[in-house]
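J.:
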Amino acid sequence: MGMKGKVALGAVVGIVVIGVVSANAGDNGAGGTGDTADKGSSTSAAQQPGSKKNSGGGKAEASGKKKAAFEGDGEFRVGSDIKPGTYRTTGNADGMCYWERAKDASGEMDSILANDNVTGTSYVTVKATDKLFKSTGCKDWEAVADGRAKKSSTTGMDGDGGMFAVGPDIAPGTYRSTGNADDSCYWERTKDADHGLDSIVANNNVTGTAVVTISAKDAYFKTSGCGDWKKSG
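Start counting the sequence shown at 1117; every next residue gets the next number (the working numbering).
1) Considering only their Cβ atoms, is the gap separating C1254 from Y1302 smaller than 9 Å?
2) Looking only at its own chain, which residues have a Cβ that is under 7 Å from the Cβ of T1235, when we skip the five neighbours before and after it?
3) Could you tell me which of C1213, R1217, K1250 and A1244 sits nearest to T1237, measuring between CA atoms?
4) Short check: CB of R1292 to CB of S1348, under 9 Å?
5) Give me whichever residues DSSP pairs with L1229 in a beta bridge.
6) Taking G1289 as the reference, give the member of K1199, T1270 and D1220 with the closest Cα.
7) Measure from the alpha carbon of R1305 to the alpha carbon of each residue in F1186, Y1336 and A1297, then state which is nearest.
8) At what residue ranges does the region 1262-1303 contain a whole run of the beta strand (DSSP E), taking only runs of 3 or more?
9) Would you mind sorting K1338 into buried or exposed? The rule is 16 or more other CB atoms within 10 Å of its CB.
10) Measure from the C-beta of G1188 to each C-beta in chain D and report whether the shortest distance is under 9 Å.
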């Protein structure tokens, strides 16, 4: 399996940081290229959902755990199988979780609105205008309410942990990651969980030490292939 990729755009200053290509197609419907083909848009038509069946209203998990909104393998019609909203999947390993928001069920590349290969946690906002949501190899998806009012005191992050909600999962502030090699560390500050290019506030591919200030106005922070992050200010 090739390296999962991200576009590194200097969103704040308008400079492109040369890096690997994006697994995100963006809401303009343009498909990704290059290594996106691992489990990305070019394979979406050939994907086979798993043997699990969606129960519509979700299934109850063990006592004390949240109810899954829908399972991590399958293709779900937005509005009939699943409701629009923001969902979270956790505990995914080695980029084997693939999800896709699509504008139709054609399976063609130009039907993709956004997609990603996920290690760790991912949040995705499924819109009412989406027609299909695809998920392969992911842990069950849970619906999440707007948790912006919640304030976490957590000051460290797994450098390959995926997405963290700013406020509920991690505290805003300046974080430092060390020991990153060969541009394998990718971080991203985002304003929402739509996963379009216009969702990106700032991002970078990093060799060596990385330092980033996460704003209280940011919605999420993504991290992949980095050393663990520790708050330094």
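We treat Cβ as the ideally placed atom computed from N, Cα and C, and that holds for glycine.
T.: So, from the listed chains and residues:
1) no
2) N1208, A1209, D1210, G1211, D1276, G1278 and S1340
3) Closest option to T1237, Cα to Cα, is C1213.
4) yes
5) Paired residues: none, contrary to the question.
6) T1270
7) Y1336
8) 1278-1281
9) buried
10) This model lacks chain D altogether, as it is built from one protein chain only.
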